[in-house]
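> Quick one: the structure is below, questions incoming.
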């Protein structure tokens, strides 16, 4: 409106025109270049507000029933020194992707300080309540094609593989649903080498014999 008023007052056409947006945000795409023609209704540029962002994660089909919309989520950002912020589940896609058979989950997070940038890596932890469960470090768990195993120390000093059933964990710890008891001594580092030695000595189909270490 101010440009139209200036035109009526000065009776002079400017070589440039200022285009004002009715929303605040960051320019994410410019659809025209110098010398291009523009017409009414044509998209000139796109802006996006970054005060609130979406985090997208993927769930396996057997995990989708464990979560629901409005669940509270902790978001950890490695690029920001592991800073943890609160988020909320806004959407769970009811359809699975055709190839990977995973479902998309979308989480809203605040970004009032503008520190979070689209494309950053995040870790999510969904859960609530005060429930406790037995858990082991993620590095202790191996997958042998038949399921998940850990190596447990025996009373005679040897180590034996044990089949376990795991729950949904994070990048650090994985809950154990069955197969381990509180007090069991589990190999945390070097389980892969121990498993390789067991396969070398006993064969891939018979790795349940204890190994003296």
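Numbering (the numbering used here), first residue to last: 27 to 239.
We put the beta carbon where it would ideally sit given N, CA and C, even for glycine.
Predicted, not measured: the structure shown is a model, and the values here were computed from it.
Ends of the beta strand (DSSP E) at residue 118?
The sequence position of residue 118 within the chain shown is 92, counting from 1. 109–118 is the span of the beta strand (DSSP E), which, as asked, contains residue 118.
> Take residue 185 as the anchor and find which of 214, 160, 173, 204 has the nearest alpha-carbon.
The residue given as residue 185 occupies position 159 in the chain shown. The candidate whose alpha carbon is nearest that of residue 185 is 214.
> List the DSSP bridge partners of residue 189.
Walking along the chain shown from the start, residue 189 turns up at place 163. Beta-bridge pairing links residue 189 to 175.
> Short of 8 Å in beta carbon distance, which residues of its chain neighbour residue 82, apart from the five on each side in sequence? Order them along the chain.
One-based indexing of the chain shown puts residue 82 at position 56. The residues are 130, 131, 132, 133.
> Return the CA-CA distance between residue 112 and residue 75, expressed in angstroms with no decimal places.
If you number the chain shown from 1, residue 112 lands on position 86. If you number the chain shown from 1, residue 75 lands on position 49. Each residue's alpha carbon lies about 19 Å from the other.
> Let me confirm a value: residue 211 is counted as buried when at least 16 other C-beta atoms fall within 10 Å, else exposed. Which label applies?
Numbered from its first residue, the chain shown carries residue 211 at position 185. Classification for residue 211: exposed.
> Give the list of continuous beta strand (DSSP E) stretches no shorter than 3 residues that lie fully inside the stretch 40–121.
Those beta strand (DSSP E) runs which fall completely within the stretch 40–121 and span 3+ residues are 52–56, 71–74, 78–86, 98–103, 109–118.
> Mind checking which residues open and close the beta strand (DSSP E) that includes residue 134?
On the chain shown, position 108 is the one that residue 134 refers to. In the DSSP assignment, residue 134 falls within the unbroken beta strand (DSSP E) covering 128–136.
> Could you tell me the distance, in whole angstroms, from the CA atom of residue 200 to the CA atom of residue 150?
For the purposes of this step, residue 200 is taken as the residue at position 174 of the chain shown. For the purposes of this step, residue 150 is taken as the residue at position 124 of the chain shown. Between residue 200 and residue 150, the C-alpha separation is close to 14 Å.
> Just to confirm my understanding: we take residue 174, look at its own chain, exclude 5 residues before and 5 after, and list those with CB closer than 6 Å. What are they?
Counting from one through the chain shown, the residue named residue 174 turns up at place 148. These residues qualify, in order along the chain: 167, 190, 192.
> Kindly indicate which residue of 30, 55, 52, 37 has the alpha-carbon position closest to the one of residue 44.
As a first step, residue 44 must be located in the chain shown, where it is residue number 18. Just measuring C-alpha positions, the residue of 30, 55, 52, 37 sitting nearest residue 44 is 30.
> I need the straight-line Cα distance from residue 77 to residue 119, nearest angstrom please.
On the chain shown, position 51 is the one that residue 77 refers to. On the chain shown, position 93 is the one that residue 119 refers to. Cα to Cα, the separation comes out at about 24 Å.
> Since residue 168 sits in a beta bridge, which residues does DSSP pair it with?
Counting from one through the chain shown, the residue named residue 168 turns up at place 142. Note: residue 168 sits in a beta bridge opposite 175.
> Roughly how many whole angstroms lie between the Cα atoms of residue 115 and residue 34?
In the chain shown, residue 115 corresponds to position 89, counting from 1. In the chain shown, residue 34 corresponds to position 8, counting from 1. Approximately 53 Å, taken between the alpha carbons.
> Please work out which residues of its chain come closer than 7 Å, Cβ to Cβ, to residue 58, disregarding the five sequence neighbours upstream and downstream, and give them in chain order.
As a first step, residue 58 is located in the chain shown; it is residue number 32 there, counting from the start. For residue 58, where only same-chain residues beyond five positions count, the Cβ hits under 7 Å are 64, 70.
> Using 8 Å for Cβ pairs, my map puts residue 101 next to residue 135. What's the rounded Cβ distance?
Locating residue 101 in the chain shown gives position 75, counting from the first residue. Locating residue 135 in the chain shown gives position 109, counting from the first residue. That belief holds up - the Cβ atoms of residue 101 and residue 135 are roughly 6 Å apart, short of 8 Å.
> Tell me the rounded alpha-carbon separation between residue 40 and residue 142.
Here residue 40 refers to the residue found at position 14 when the chain shown is read from its first residue. Here residue 142 refers to the residue found at position 116 when the chain shown is read from its first residue. Cα-Cα distance, rounded: 39 Å.
> Could you tell me the alpha carbon to alpha carbon distance between residue 94 and residue 122, rounded to whole angstroms?
Your numbering for residue 94 matches position 68 in the chain shown. Your numbering for residue 122 matches position 96 in the chain shown. Computed Cα separation, rounded: 16 Å.
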